[in-house]
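Colleague:
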Amino acid sequence: MNAPIIYWYRQDLRTHDLPGLIAAAATGHPVIPCYILDDQAPGEWSPGGASRWWLHHSLAALGRDIAGAGGTLVLRSGNTGAELQKLIQETGAAEVYCSRHYEPWAAALEKQLHDDLDAAGVTLKRYGGNLLFEPEQISNQSGLPFKVFTPFWKHCLKMPEPAAPRPVPESITWLQGVLHSVPLDDLGLRPRQPDWAAAWTDQWQPGSQGAAKKLQSFLHNGIENYSEGRNHPALDCTTRLSPHLHYGEISPRQLWHSARQTAATRPRLDTQVAKFLSEMGWREFSHHLLHHFPELDAQPFKERFAHFPWMSNDQGLQAWQRGQTGYPLVDAGMRELWHTGYMHNRVRMIVASFLTKHLLIHWRVGAKWFWDTLLDANLANNSCGWQWVAGSGADASPYFRIFNPILQGQKFDAQGEYIRHWVPELAAMPDRYLNNPWDAPAAILDSAGVHLGSTYPLPIVDHTQARESALAAYGALKNG
DNA sequence: TTTTGAGTTGTTCGA
DNA sequence: GTCGAACAACTCAAA
950 MNAPIIYWYR QDLRTHDLPG LIAAAATGHP VIPCYILDDQ APGEWSPGGA SRWWLHHSLA
1010 ALGRDIAGAG GTLVLRSGNT GAELQKLIQE TGAAEVYCSR HYEPWAAALE KQLHDDLDAA
1070 GVTLKRYGGN LLFEPEQISN QSGLPFKVFT PFWKHCLKMP EPAAPRPVPE SITWLQGVLH
1130 SVPLDDLGLR PRQPDWAAAW TDQWQPGSQG AAKKLQSFLH NGIENYSEGR NHPALDCTTR
1190 LSPHLHYGEI SPRQLWHSAR QTAATRPRLD TQVAKFLSEM GWREFSHHLL HHFPELDAQP
1250 FKERFAHFPW MSNDQGLQAW QRGQTGYPLV DAGMRELWHT GYMHNRVRMI VASFLTKHLL
1310 IHWRVGAKWF WDTLLDANLA NNSCGWQWVA GSGADASPYF RIFNPILQGQ KFDAQGEYIR
1370 HWVPELAAMP DRYLNNPWDA PAAILDSAGV HLGSTYPLPI VDHTQARESA LAAYGALKNG
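Our numbering puts the first residue of the first sequence at 950, with every later residue one more than the last.
1. Is C1430 helix, strand or coil when you go by DSSP?
2. Would you say A1161 and I1121 are within 8 angstroms of each other, going by their C-beta atoms?
3. From G969 to A1376, what does the alpha carbon distance come to, in whole angstroms?
4. Out of P1379, W1153, H1006, state which residue places its alpha-carbon closest to the alpha-carbon of G1137.
5. For C1333, write down the residues that DSSP places opposite it in a beta bridge.
6. On the three-state DSSP scale, how would you describe W957?
7. Mind checking which residues open and close the beta strand (DSSP E) that includes R1025?
8. When burial is assigned at 16 or more other CB atoms within 10 Å of the CB, is N951 buried or exposed?
9. Do L1420 and G1197 have their beta-carbon atoms positioned less than 8 angstroms apart in this structure?
10. Does the Cβ-Cβ distance between L1128 and L1164 come in under 8 angstroms?
11. Does the structure place the segment 1332 to 1343 close enough to the segment 1241 to 1260 that three or more beta carbon pairs sit under 8 angstroms?
12. With a threshold of 6 angstroms on Cβ separation, who are the neighbours of T964 within its own chain once the five nearest residues in sequence on each side are excluded?
13. Under the DSSP definition of a beta bridge, which residues are partnered with R1075?
14. Quickly, what does DSSP pair N980 with across the bridge? List them, please.
15. Could you tell me whether the Cβ atoms of A1042 and I971 are closer together than 8 angstroms?
16. Using the rule of at least 16 other Cβ atoms within 10 Å of the residue's Cβ for burial, across every protein chain shown, is H1400 buried or exposed?
17. Out of L1426, L1062, Q1034, L967, point me to the one whose CA is closest to W1259's CA.
18. Report all residues from its chain with a CB closer than 8 angstroms to the CB of W1387; omit the five preceding and five following residues, and keep chain order.
19. Would you mind working out which of A1183, S1396, V1314 sits nearest E1366, comparing C-alpha positions?
20. How would you label P1192, buried or exposed, when you count the other beta carbons within 10 angstroms and need 16 or more for buried?
21. Tell me the residue span of the alpha helix (DSSP H) that contains I1393.
22. Among all the DSSP beta bridges, which residues are the ones paired with Y1405?
23. Taking all protein chains shown into account, decide if D1246 is buried (16 or more other Cβ within 10 angstroms of its Cβ) or exposed.
24. Just curious, the alpha helix (DSSP H) that I1037 is in, first and last residue?
25. Terminal residues of the continuous alpha helix (DSSP H) containing K1306?
26. Using the three-state DSSP reduction, which class does I985 fall into: helix, strand or coil?
27. Going by other Cβ atoms of all chains shown within 10 Å of its Cβ, with 16 needed for buried, is G1398 buried or exposed?
28. Could you check where the alpha helix (DSSP H) with P1201 kicks off and where it finishes?
29. Would you tell me roughly how many angstroms separate the C-alpha atoms of R959 and L1328, rounded to the nearest one?
30. Taking the alpha-carbon of R1416 as reference, which of P1201, Y1348, R1217, V1071 has the nearest alpha-carbon?
31. What do you reckon, are the CB atoms on L1080 and H1236 nearer than 8 angstroms?
32. Let me know the secondary structure DSSP gives L1324 once reduced to three states.
33. Find the nearest neighbour of L1066 within the set F1082, L1304, Y1046, Y1051, judged by alpha-carbon distance.
34. Can the beta-carbon of I1355 be found closer than 8 angstroms to that of H1307?
35. Between the alpha carbons of Q1038 and S1176, how many angstroms are there, rounded?
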């Protein structure tokens, strides 16, 4: 009798190019695909509201994919170890297969489960597949992790290429018989009253199919002008694959090989493809860093930042969160985030710079807000991104680099499409004053129907003054 | 071991 | 309007 194998799904919600599932299928043993919602295990990094919405729909999509292949996804809720043990008792499974994850809590859980299952005579087998390179594969000549992106990525590019993606196993023997499965709706992942995410399905299709569509659309359109276009929030030049990648609905190896294929057939796009791959490189870099420095979510990578004089500013924080800072591009970004669960990458940098440098609020406060509101909330990317902007991260932005939200708007949203869309009360303002309405003559404000302080806020801080304060604070850090 | 070159994404100032 | 330099010094990676 072949003992069944449990395939324990985590943030790898796909059926193709999944090494653990391929290995399980290859044994010929019956396979039980299972997802366990464990709200305790991640501690403070339990998925936020937007991410839970995505998870709901992603699990629905995975369930359909597995059903299409003849199996049934088992959903459970509760303590991961306890639920796995129950499932093992119910089915007589002798092995549990899974994909490896890199969040400190996830890695600790793997280790704990491995030991606990081992004691019960069950083997936990862990497979890669969620990164292009495993952290252990990449180190500098001293055998230490890279701390600077460029040499890190150059090194990666010299490695043997990531393996080609593999299709869904042709024949998987699914375990027959009906196992208890919690109805998806009972997991409580989806908002009900009110359903603030009702309109999100217009723009997002969680699951592998939706990911594949996004990739195809990118390879046919966005990549043409990726290097430059990716900086403009009104253009559709970015992949928008981040939430799909976070939940593992598409594999990084698939992206790598699709992009390389594009470069091979359309050599003109070589530099665009290289740029796209290097963005994948940042994802790798962040995950490797979090693996090597598990405190990255809470502690500054550069230790001297432990003494940075962060300010407490509840009013400022609230204005930032609600998109009411009086800086149109910042407000546009924060409103895009709130309404869609997403924000364009460049705008993320600008709003993050505003929070940490103009308002001097701790990057962790911003990281928490992003965590709860972003569909693609990911601990490695989020922690590294915020630390980079704040200046405390690995290979971080120098402290004197303070984004000027007015200038950034004029450069990257020159026609003001992005701002007018998200800050409609300024829609009638001419380009000249769209980013700095407070400079506009009264007649122009009047004819645009803008009354600063009532229809749209006055700036909550003065850019030049805030910049000087930030430089002073960072300068003191250097000398202190 | 010492040395050398380099480092995602910017802004401001003055010529 | 455009351009180059200054902004600071430090750490990292590799020769």
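Note that the Cβ used here is the ideal one computed from N, Cα and C, for glycine as well.
Modeller: Let me spell this out:
1. What the structure shows of the chain is the stretch from 950 to 1429, and residue 1430 is not part of that stretch, so it cannot be assessed.
2. Pairing A1161 with I1121 gives a Cβ-Cβ distance that is not under 8 angstroms.
3. 52 angstroms
4. H1006
5. Answer is none; C1333 lacks a bridge partner.
6. strand
7. 1023 to 1026
8. exposed
9. no
10. no
11. Flag = yes, the segment 1241 to 1260 and the segment 1332 to 1343 touch.
12. D1014, V1117
13. C1047
14. Checking the sequence shown, residue 980 turns out to be Val, not Asn. BP columns for V980 point to I954, W1123.
15. no
16. exposed
17. L1426
18. G1275, L1401, L1407, P1408
19. A1183
20. buried
21. 1391 to 1396
22. According to DSSP, residue pairing for Y1405 in a beta bridge involves L1401.
23. Answer is buried; the Cβ neighbour count reaches 16.
24. 1029 to 1040
25. It is not in any alpha helix (DSSP H) - K1306 carries neither H nor E in the DSSP assignment.
26. strand
27. exposed
28. 1201 to 1214
29. 15 angstroms
30. Y1348
31. yes
32. coil
33. The shortest C-alpha to C-alpha distance from L1066 to any of F1082, L1304, Y1046, Y1051 is the one to Y1046.
34. no
35. Their Cα atoms are separated by approximately 53 angstroms.
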